[in-house]
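J.:
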Amino acid sequence: MNTSIKSVKNRLNPNRFFSPDPAIRNIASELYAEVKDLPILSPHGHTDPGWFAENNPFSDPANLLIIPDHYVFRMLYSQGIKLEDLGIERLDGQATETDPKKIWQLFARNYYLFAGTPVGAWFDHVFHEVFGIHDTLNEKSGPLFYDSIDAALKTTEFLPRNILDRFKIELISTTDNATHTLAHHQTIRDADWEGQVIPTFRPDSVTNLLHPEWKENLHELEALVAEELDSFATYISALEQRRKFFKEMGATATDHGVETPYTHELSSNEAERIFSSALRGDVSLEDAARFSGHMLMEMARMSTEDGLVMQIHPGSYRNHNDQVMKTFGADKGADIPIQTEYTRNLHALLNKHGNNLKFKLIIFTLDETNYAREMAPLAGHYPALKLGPAWWFNDSIDGMTRFRQLTTETASIYNTVGFNDDTRALLSIPARHDLSRRVDSNYLATLVATHRIELNTAREMGKALAYDLVKSAYNL
Amino acid sequence: MNTSIKSVKNRLNPNRFFSPDPAIRNIASELYAEVKDLPILSPHGHTDPGWFAENNPFSDPANLLIIPDHYVFRMLYSQGIKLEDLGIERLDGQATETDPKKIWQLFARNYYLFAGTPVGAWFDHVFHEVFGIHDTLNEKSGPLFYDSIDAALKTTEFLPRNILDRFKIELISTTDNATHTLAHHQTIRDADWEGQVIPTFRPDSVTNLLHPEWKENLHELEALVAEELDSFATYISALEQRRKFFKEMGATATDHGVETPYTHELSSNEAERIFSSALRGDVSLEDAARFSGHMLMEMARMSTEDGLVMQIHPGSYRNHNDQVMKTFGADKGADIPIQTEYTRNLHALLNKHGNNLKFKLIIFTLDETNYAREMAPLAGHYPALKLGPAWWFNDSIDGMTRFRQLTTETASIYNTVGFNDDTRALLSIPARHDLSRRVDSNYLATLVATHRIELNTAREMGKALAYDLVKSAYNL
Amino acid sequence: MNTSIKSVKNRLNPNRFFSPDPAIRNIASELYAEVKDLPILSPHGHTDPGWFAENNPFSDPANLLIIPDHYVFRMLYSQGIKLEDLGIERLDGQATETDPKKIWQLFARNYYLFAGTPVGAWFDHVFHEVFGIHDTLNEKSGPLFYDSIDAALKTTEFLPRNILDRFKIELISTTDNATHTLAHHQTIRDADWEGQVIPTFRPDSVTNLLHPEWKENLHELEALVAEELDSFATYISALEQRRKFFKEMGATATDHGVETPYTHELSSNEAERIFSSALRGDVSLEDAARFSGHMLMEMARMSTEDGLVMQIHPGSYRNHNDQVMKTFGADKGADIPIQTEYTRNLHALLNKHGNNLKFKLIIFTLDETNYAREMAPLAGHYPALKLGPAWWFNDSIDGMTRFRQLTTETASIYNTVGFNDDTRALLSIPARHDLSRRVDSNYLATLVATHRIELNTAREMGKALAYDLVKSAYNL
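So, in structure tokens, the structure goes:
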């Protein structure tokens, strides 16, 4: 690694993200010391299982750190930088930038945009802690950063499996379509490697009747279960089979991305009728919404039977920018949150299964107005319900702090499930967990410093948040 | 009292809930010193007037502190503890735990769940300040806590009237159905005791046409006014008579629990038509909502005439958990907030009566998004409108702080009404007022320490919040 | 000026509005020192261009500081003070208080109501920094304040143009109806004075079909363009001509006050049909809303052509108090915020123009729930979109802090546009900019003190917020 750009002047401060008030900072630092080296449990993420199956080196800094990460390029796009210049592939095959050094340099020149953002905090951690580069990224230092990182990526230390081991990731979960063969997961299980990489069952592509490729996805499902899915009953049975398969492959959870968390049980006739209309390709918007509500009920019912933990991630208006969608496809930084409602929407599901001690439902939100108003009161009552951590845009220092401030007093930390990194940015995983552990330590330290809880209590709570609650909530 | 479990090590910190920053803490401490011993005015609560009428000793710790308090047992329930094991009575009469020591011990074992919650803060105050137990409640100390508290409850010091006196509760208001005879209040008035216990007029059970026992309640009302209530006009007149009676019995306020604060004036024909449909038992959901909106208008009109202060507590989805409702009944910790709207909903009422200086309307919310957006601007304009304090789930350290931060800059503290404890948990009343006085002192201290107001101004504001505003807002 | 009421004891603290924690305060103070003397750019405000055209002295303290300012008198009204007693003119011509000394004294007696509010902070700045009065305003000191201010207003130093120069206001924008002749602006341009006072194009009165005087306003528009506006096409062309004229007169921006930011493109037939119905005076509420959505589309399209920056200020329920509206007219402190939605409402506009680098759209809100949920994610993606500063009720210390805390992590400060004072209260302009610079300095200092950004980065960000971003966002 090129040592010429190392410098002590910008090393990360050991007390970063803690209150500067010594009465809080000192306690935060003490609490953090007890959790910072705990192994990482990553029960909800989006890394590619192929990385760990094939264990090939990553190609270069731009292709690893920028091109696949919509958290990064959306900000650059918002400032007028073309996605083509960042190497994002066009669906029409027209040329886009392919020189990773040029892409990196464009990023370096605009890195100041990430000042005060979580992406900036994660990158700083990656540069300093993962690559040992103690400098500030900017136009001038860009090439040296590139060379250092590129050189590191070519070492065995940076092979995907070695990265997991080095990061002390005890377990990581990927997110996989219901129709996925999980071939990579099989390869990993067969390999002579201790790492735990498990799948998560995500059936949206076959349960969302408005998915543009729903019919093709259904055909894939038919092929996998070797049965014609011409009725709602066979369809449900196919999903049950797939859950069984995922569970055998190590899955402990399912995940459901829906526009709203609306739940409602349909009569079998009604479910059958809507399913048939979808098969014919003429489902109405309203029927698709009702079907989605019913499928959440079905998934909850299956969870009570097979024990898979159910996760709901609602409230994103996907692909808000038609032009970006048409040119570059989905997941290009144009998913925008919408107002979300839980009290009425989850009524049917919680009434049917919320008192069932064998069932676990973890809900997330992009709409923070629900933390104190709906989510904490619901989780502070229903035994089955737990709150997922601050998600996506709110997975940040201030965002996580708000989550704790707005949920703990009503739901206690014990109805929450610790941290999810929710990322495909492999190298940022320790950065994200470290940030979360720091923020939680600082939150607990504030409770101690204001004499709301005792230090020993905070110690136990800190460990619960960093490890124990994750393990128990996700049945790991 | 068993002194063996007393210990100095965990005495409550005198600076608890204040910022640890000395620049704020010292001022907060000074401001708090000026208000901490002011008498308690409790203008909105849910204690049982029978306690003060009969003045019998409370039976035991579990029956006083746990079984009646849904704030407490909902949290235990959320962690998988059965309500039966907590001694909550089943409607079907099936056996539930009756041994108060076992119930207490189950609570003690799970007391860690309340760390960082207001319930935990209130209990700590009760244990330390009311019972003089300076230890931490847990499985081990549970029995000693039980014995100490149980012994104390058997002393005359803990007779209900003595508790009020000891707590320096200058006045306490109960909340009473419109059809209540107020016999207990009469007993109290007739007694040789200085304590002031006044009723509040709450007509929901006869104004909510969807109340499951609306017809029975109406019959009770008929009996009380000795008149057949077969028309809207006679019904309104009966309510006016009841208000008159409540006022004679000391009431200064009414209270209205509604799903939304929708207000709208119906024509007499329309009101009559809906009332008739309710008498026939076939009122529609929509008509019931419109009737509710009209009854708020009627109640406001009556308030302009009889001077009773009007309170609206909207936005709770009551009895969200059907299974708990069916098994245990209402008020079992399953009331969940919903999004609430004030600007449009209160338009009719405020337009008709909001400029009337003889009218006072105090509004509450479970939806904090309204503090800065709708409630503070409304209260910062309409002379009749005042803001009730942070309510229910938000009656907490962070919740109260948010209330001040989100309302003061627009409405000033002078359009708010001081604190309500809103509780049936008698022993926690000083804990709640103390917590509120601490939080307000800390808020004001922050304004002083950031040079937004002067210390002398803060002193006056602190007294206003702790006492003067309550007295004037509720016409005490 | 009367020096007898000067006193050193209450001078404004140089560290006001900064955190009392020295770790933050010292950095805040350093950052503030670098921006406090930067010239003021005021790209969105409501001062009267006639002041600068005619350059006459202001009449007296009450007529300058109280009577025209609904921020001030709404608070007094909320406490039962009659608007008549504050000298607010009645539409029916009935007598109201005309003695400015009496009005001032009523204000002085109630000045304590503004403790902890932004109005209080601005007034304190005006008294101390503009008039050099180092005392506290109250009943006793009221007359001396009046005399000091009144004497000052009669000096040449307080002539409007001199005020702008003294305040180092490099540029100020007024807000002007589309039908305004801009005669005052022409006078200013012709004058021998360096001050820059530019208009902003605000077409609400001719684009809002529900405006009570829409027809009259349309006739004014006809007169200005000397053409009969009997079709949607001629109407659009007239608006284009007016924009051209405003641009020639120095305008760089347009402004649109709408109830919701709904955007949607109508067919020409549909637009024509609705326009005709409005000409006939029988437009429906729904059609008016659809027309409003279409006109935002048209305005955006024109902006892509003429380069005027587009501003949208949605979400105020104007004139909520019918009685006040009927007696005193619009803008009397009775505009109340309503819940607002951006993700779906702006979909059409952003899809058509949001990727256009020649277009700039600045959005504001009165509904803070949108900061993190919708606005920051939208601005963190679309190149054309920027976030206006905390607006109106939220233009306050805590309000601005929330704005930064809730937008920076997702959108970065670089998708925001610096400060707007948005005021007709001329003397408070430096107070408002100073307050904003202090709050932003304190926010950035917090990022530095928690080791999220480096001090040098904060320096650059501070200057960007105080000056550079305003200049670039508004094409100044």
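Protein chains in written order, with this note's numbering: chain A, 123 to 598; chain B, 123 to 598; chain C, 123 to 598. Yeah, the Cβ is synthetic: ideal placement off N, Cα and C, and Gly gets one too. These figures come from a predicted structure and were not determined experimentally.
1. Considering only their Cβ atoms, is the gap separating Ile310(A) from Ala175(A) smaller than 8 Å?
2. For Gln201(B) and chain A, any beta-carbon pair shorter than 8 Å?
3. Would you say Thr309(B) faces chain C, with C-beta separation under 8 Å as the test?
4. Could you say which of Ile434(B), Pro499(B), Ala411(B) and Gly510(B) lies nearest to Asn441(C) if we only look at CA atoms?
5. Is it a yes or a no for the region 367-376 of chain B touching the region 414-434 of chain B, going by three-plus beta-carbon pairs under 8 Å?
6. What's the gap between the Cα of Asn124(B) and the Cα of Phe267(B)?
7. Could you give the DSSP three-state label for Leu205(C): helix, strand or coil?
8. Would you kindly work out how many angstroms separate the C-alpha atoms of Asn148(A) and Ser263(A), rounded to a whole number?
9. Are there three or more Cβ pairs, one per stretch, closer than 8 Å when the region 191-207 of chain A is compared with the region 322-336 of chain A?
10. In three-state DSSP terms, what is Asn458(C)?
11. To the nearest whole angstrom, what separates the beta carbons of Leu208(B) and Glu219(B), a pair I think is in contact under 8 Å?
12. On the DSSP bridge assignment, give the partners of Tyr504(B) in chain order.
13. Chain A partners of His386(C), CB-CB under 7 Å?
14. With distances taken from CA atoms, which of Pro282(B), Thr462(B) and Pro511(B) is nearest Tyr439(B)?
15. When you compare the CB of Leu259(C) with every CB in chain B, is at least one pair closer than 8 Å?
16. List the residues of chain B that Thr239(C) touches, going by C-beta distances under 8 Å, in chain order.
17. Is His435(B) helix, strand or coil by DSSP?
18. What span of residues does the beta strand (DSSP E) with Ser164(B) cover, start to end?
19. From the DSSP secondary-structure annotation, give me the bridge partner or partners of Gly379(B).
20. Let me confirm a value: His341(A) is counted as buried when at least 16 other C-beta atoms fall within 10 Å, else exposed. Which label applies?
21. Are Gly584(A) and Ser563(A) touching if we call contact CB-CB under 8 Å?
22. Kindly provide the ranges of any alpha helix (DSSP H) runs that are 4 or more residues long and lie completely inside the region 534-583 of chain A, ordered along the chain.
23. Just to confirm my understanding: we take Phe280(B), look at its own chain, exclude 5 residues before and 5 after, and list those with CB closer than 8 Å. What are they?
24. I need the DSSP call for Ser263(C), collapsed to helix, strand or coil.
25. From Ile551(B), Ala567(B) and Leu557(B), pick the residue whose C-alpha is nearest to that of Phe289(B); which is it?
26. Can you give, in chain order, each stretch of the beta strand (DSSP E) that sits fully within the region 334-401 of chain C and has at least 3 residues?
27. Output yes if chain B places a C-beta closer than 8 Å to the C-beta of Gln445(C); else output no.
28. Answer yes or no: do Ala533(C) and Leu509(C) have a C-beta to C-beta separation smaller than 8 Å?
29. Counting pairs of beta carbons, one from the region 378-398 of chain B and one from the region 468-476 of chain B, are three or more of them closer than 8 Å?
30. Roughly how many whole angstroms lie between the Cα atoms of Ala553(B) and Gly521(C)?
31. At 8 Å on the CB atoms, spell out the chain B contacts of Leu488(C), in chain order.
32. Find the nearest neighbour of Asp326(A) within the set Ala300(A), Ser141(A) and Ala567(A), judged by alpha-carbon distance.
33. Let me confirm a value: Ser406(C) is counted as buried when at least 16 other C-beta atoms fall within 10 Å, else exposed. Which label applies?
34. For Val319(A), which of helix, strand or coil comes out of DSSP?
35. Can you have a look at Ala595(B) and say buried or exposed, based on whether 16 or more other CB atoms are within 10 angstroms of its CB?
36. Could you check the C-alpha separation between Thr239(A) and Thr572(C) for me, to the nearest Å?
T.: Result, derived from the coordinates:
1. yes
2. yes
3. no
4. Pro499(B)
5. yes
6. Here the model assigns Asn124(B) a pLDDT of 42, short of 50, so the residue's position is not dependable, and the following value carries that caveat. Computed Cα separation, rounded: 9 Å.
7. coil
8. 34 Å
9. no
10. What sits at residue 458(C) in the sequence shown is Ile, not Asn. Three-state result, Ile458(C): strand.
11. 7 Å
12. Bridge partners of Tyr504(B): none, in fact.
13. The contacting residues do not exist; His386(C) stays about 14 Å from chain A at best.
14. Thr462(B)
15. no
16. Thr530, Glu531, Thr532 and Ser534
17. strand
18. Ile162 to Ser164
19. His435(B)
20. exposed
21. yes
22. 551-571
23. Pro179, Phe180 and Ala274
24. coil
25. Ile551(B)
26. 375-380
27. yes
28. yes
29. yes
30. 31 Å
31. Arg495
32. Ala300(A)
33. exposed
34. strand
35. buried
36. 13 Å
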